[in-house]
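So the mapping is simple: my numbering equals the position in the sequence shown, first residue as 1, plus 3. Idealized CB from N, CA, C, for every residue including glycine. Since the model is a prediction, treat every value here as computed from it, not as a measurement.
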Amino acid sequence: MKLPMRSLYSLAFSVMLPAVFIKLWRRGKTQPAYRQRWKERLGLIDYPKLNQQPIWIHTVSVGEFLAARPVIQHILDTYNAPVVVTTMTPTGSEQVVKAFADQVYHCYLPYDLPYLLSPFFSTLKPKAVIIMETELWPNLIDGCHKRQIPSYVINARLSEKSAKGYSKFAQLSREMLQKITHIAVQNSNDAQRFINLGLAESAMSITGSIKFDLDIAPELQEKAKQLKEQLSQQNSRRIFIAASTHPGEDEIILEAFKIIRHTIKDCLLVLAPRHPNRAQDIQTLCQQSGYSSIFRSENITPDSSTDVLIGDTLGELLLFFGAADLAFIGGSFVDNGGHNYIEPAAWELPVLSGPSTFNFAEITNLLLAAGGMAITANAEELAEQTVQLLSDEQLHIKMGSAAKGVAEENRGALKRLLTYLDSQLLDK
């Protein structure tokens with residue numbers, strides 16, 4: 004008898020589960036939070052008994068949660084329903100608690116196995132499930148479908164690379180997509196890839212990326228102004244930020260920085276890794292390169308002898324962009340597809356990247372076409388672009404203005420998305 008693909012998937016996942024927990028335990032050596040709250044990952048939660056069904060929103064980690072914040076806030080303000088937010092990482096969990104405290108119930112998402120999801124569904128009894136971006140789990144979607152719980156994937160994106168991965172499991176992907184109530188995708192290219200995998204056009208809409216709907220609060224603008232004065236020593240130093248870097252990229256950044264300092268001797272590098280737990284390793288790299296460095300968490304103001312400020316805190320990246328003169332976005336010198344290019348653009352910064360941008364292909368194309376972004380292939384090209392932009396004020400202003408123009412012109416996705424969700428869920 005031939006087993007259905009989802010059964011084979013569940014069997015394989017079950018066999019791998021001990022290895023998953025071993026990996027969590029090992030990660031816990033440097034990040035103790037990974038050794039905590041394992042019951043939640045097994046579907047066992049202490050959710051209070053309420054008369055109302057909650058709306059459940061899943062955001063895998065920090066980036067997805069930050070993008071989903073206005074959606075969560077809208078639901079809290081508008082809907083007469085409790086809100087549950089799940090994440091997969093401790094850093095995501097920390098941001099949920101920091102942003103909403105006890106306004107929402109937070110827990111980790113159980114691993115995607117029917118016998119772990121079943122008690123979770125039974126305890127939670129959600130009214131609807133909203134999934135941010137591309138967290139598509141076959142058993143989670145099937146669990147919603149069997150229980151007649153509407154499921155919505157919002158701000159969805161599907162890179163060409165991811166689509167090829169899903170196509171290797173065509174039957175499993177098609178069955179999963181056909182059980183989703185609705186997918187709100189970012190652009191027409193994403194839409195076509197979902198359709199090619201089996202999603203019905205009637206179950207999809209193109210709403211744009213809600214990351215364009217970034218509002219920089221006046222308080223944050225003032226805080227960024229103050230930070231820039233501190234870091235630049237009253238505007239006497241130029242500030243170059245390399246944000247969301249991955250292992251293997253920091254060496255390239257530091258090599259580029261060495262070349263940059265030949266021309267712009269007082270340039271300060273803000274190096275903010277994607278995962279702050281790598282901060283100590285980055286400091287070691289700085290020492291090996293002959294640079295003095297300090298951690299942001301030390302609350303020490305850099306002086307003229309400081310070469311590198313290591314961003315080892317969570318939730319401050321937007322602030323760092325506001326204090327910088329120029330931004331490089333990581334995940335692009337390694338095959339990770341880049342990260343959020345909209346945040347530096349919203350601050351009117353020229354945006355630099357490596358060649359790997361597949362996770363943000365549409366945004367990249369818009370920025371490149373407008374002249375607000377440049378792709379660099381290596382340390383030498385990154386240094387050349389940085390020196391040119393920090394030395395030529397007119398070019399710097401022109402490129403930064405073009406980047407901000409793209410960010411401004413593409414706003415509106417959040418309103419479209421909330422209008423759709425309200426039509427489906429409000430007072431139902």
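Counting Cβ pairs closer than 8 Å, one from the stretch 121 to 132 and one from the stretch 397 to 411, do we hit at least three?
no
If you compare alpha carbons, which of Q233, T137, L47, A104 is closest to S125?
L47
Nearest to D218 (by Cα), restricted to the options L392, T210, K52, P347:
P347
Here's the rule: buried if 16 or more other CB atoms are within 10 angstroms of the residue's CB, otherwise exposed. What is R160?
buried
Continuous alpha helix (DSSP H) stretch holding L272: start and end:
Where L272 is concerned, there is no enclosing alpha helix (DSSP H), although the beta strand (DSSP E) it sits in stretches over 271 to 276.
Where the beta strand (DSSP E) through T90 begins and ends
86 to 90
Identity of the residue in T33, P21, S13, L14 nearest N280 by Cα:
T33
If you follow the beta strand (DSSP E) that I242 is in, where does it begin and where does it stop?
242 to 248
Rounded C-alpha distance that separates I285 from G293:
12 Å
Using DSSP's beta-bridge definition, name the partner residues of M376.
V354
I366 in three-state terms, based on DSSP
helix
R240 vs D328 beta-carbon contact at 7 Å:
no
By DSSP, does S426 sit in helix, in strand, or in coil?
helix
With a threshold of 6 Å on Cβ separation, who are the neighbours of D310 within its own chain once the five nearest residues in sequence on each side are excluded?
Y294, S295
Would the stretch 367 to 379 and the stretch 387 to 407 be scored as touching if the rule is three or more Cβ pairs under 8 Å?
yes
If we call anything under 7 Å between Cβ atoms a contact, is M91 one with L112?
yes
When Q195, D315, I186, T184 are compared against T248, the one with the closest alpha-carbon
D315
Please say whether Y37 and L53 have beta carbons closer to each other than 7 Å?
no
Secondary structure at L217, three-state DSSP: helix, strand or coil?
coil
Starting from the N-terminal side, write out each stretch of the beta strand (DSSP E) that is 3 residues or longer and does not extend beyond the stretch 175 to 213.
185 to 188, 207 to 209
Are the CB atoms of V87 and Y114 within a distance shorter than 7 Å?
no
How many whole angstroms separate the CB atoms of R264 and C270, which I take to be in contact at a CB cut-off of 8 Å?
6 Å
So for Y111, helix, strand or coil by DSSP?
strand
Is DSSP giving H265 helix, strand or coil here?
helix
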